[in-house]
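Q:
2 protein chains.
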Amino acid sequence: MDMPIRTADQVELDRLNSALGFLMRLAQLKIYERFFEEVGEHNLKPGEFSVLWVILHNPGIRQSVLGQRLMIKRAHMTKLIRALEDQNLVSRKVPDGDRRAVEITLTPEAVTRVKQASQWFFTYEESVGANLTGDERQQLTALLRKFVGLG
Amino acid sequence: MDMPIRTADQVELDRLNSALGFLMRLAQLKIYERFFEEVGEHNLKPGEFSVLWVILHNPGIRQSVLGQRLMIKRAHMTKLIRALEDQNLVSRKVPDGDRRAVEITLTPEAVTRVKQASQWFFTYEESVGANLTGDERQQLTALLRKFVGLG
DNA sequence: CAAAATTTGTTTACAAAGAAACAATCTCCC
DNA sequence: GGGAGATTGTTTCTTTGTAAACAAATTTTG
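Chains as they are written, first to last, in the working numbering: chain D, 1 to 151; chain V, 1 to 151.
1. Looking only at its own chain, which residues have a Cβ that is under 7 angstroms from the Cβ of D/P95, when we skip the five neighbours before and after it?
2. Using a beta-carbon distance cut-off of less than 7 angstroms, what residues from the region 96 to 128 of chain D approach chain V?
3. What runs of the alpha helix (DSSP H), each 4 residues or longer, lie entirely inside the region 63 to 149 of chain V?
4. Does the CB of V/L52 have a neighbour CB from chain D at under 9 angstroms?
5. Can the beta-carbon of D/L16 be found less than 9 angstroms from the beta-carbon of V/W53?
6. Please classify V/R113 as buried or exposed, where buried requires at least 16 other C-beta atoms within 10 Å of its C-beta.
7. What residues of chain D sit near V/R25, judged by a beta carbon separation below 7 angstroms?
8. Taking the straight line between their C-alpha atoms, what separation do you get for D/R6 and V/L106?
9. Ordered along the chain, which non-local residues of its own chain (more than five positions away) have a Cβ less than 8 angstroms from that of D/L80?
10. Anyone know if the C-beta pair for V/S91 and V/M77 falls short of 9 angstroms?
11. I'd like to check one pair, D/A27 with V/V148: are the Cβ atoms closer than 9 angstroms?
12. Do you know how far the Cα of V/L132 is from the Cα of D/M1?
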């Protein structure tokens, strides 16, 4: 009868169904969507939070290294850091050893703020993948860690 | 001693190390990066390809349904479809039943083009996750499929 | 049936992220 | 020591995607 497709779950994806890159993109988008639904505007976006968190645990880290680890391009990192600086959350210091580089540290306010934010952030993170069993979630985490080359 | 961190793999991520959302974002970025390294400008970007692929397999699909399945927002979908229309790859038709909607079909050229593009696209997709064993890759795919709700 | 609410797609304005060109510094090597 | 080349960060421009307001058609409901 050639009934037009009316709902998303009737859509035929064919080979896309087992394409790793495609599935990963979908997964990521789903996580983001849920993040903004649940956490709303908690005044620190996930990107900002992870940047601040990493600086907290690596005081004086250089912009370039931070960017490499979080896969943020230099051009974009410049903007992120400046925005954080404008909010008085980080301070930049050009080290004596290498005057091209910039070393970044949290301000005391930011330390408090990040520790506080970490509560809801990780609470959310733990709720991600709630439709999986504990084992599956565990496996997924391990596989992703291997996939991205973390330990 | 306070040696500054010099390389990305010395960075302490602490709890971020097992945060599913974080790992997923990293994984996705890694896939994209490799995609552009390897496939370069093959004249069809991954987003465009998947849109066209899904239209190929669901001729006459509505913009809204397409967007729901691929998690593309309406506003953005409008632009994507227009761009594809400008390249003479899709045609739009307002169905009689519901004159708000738009049904999309591939042009004959696009059918050829997508089938051709599918060769390198899926070749790339199969190379994703080459640092995992076959079993692991298989598991990861299955877990992601469950995660995103693809039965 | 008519008013209210919803769906669908578009437009406009904006935010997030990348690419390329650039300047300053540093490293390497002759 | 002094250029050639690499690194580091910034700037500018462009692409990609989202948000909010809107218009038109449809569905709901009183």
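Note that CB positions come from ideal geometry on N, CA and C, so glycine has one too.
A: Concretely, from the data shown:
1. Excluding five sequence positions before and after D/P95, the CB atoms of its chain that fall closer than 7 angstroms to its own CB belong to A101 and E103, given in chain order.
2. E103, F122, E125 and V128
3. 63 to 70, 74 to 86, 108 to 127 and 134 to 148
4. no
5. Going by C-beta atoms, D/L16 is nearer than 9 angstroms to V/W53.
6. buried
7. Q28
8. 18 angstroms
9. G47, E48, V51 and I72
10. Taking 9 angstroms as the cut-off, the Cβ atoms of V/S91 and V/M77 do not count as close.
11. yes
12. Unreliable placement is indicated for D/M1, whose pLDDT of 40 sits below 50; the coordinate value is still reported in the next sentence. Approximately 45 angstroms between the Cα atoms of the pair.
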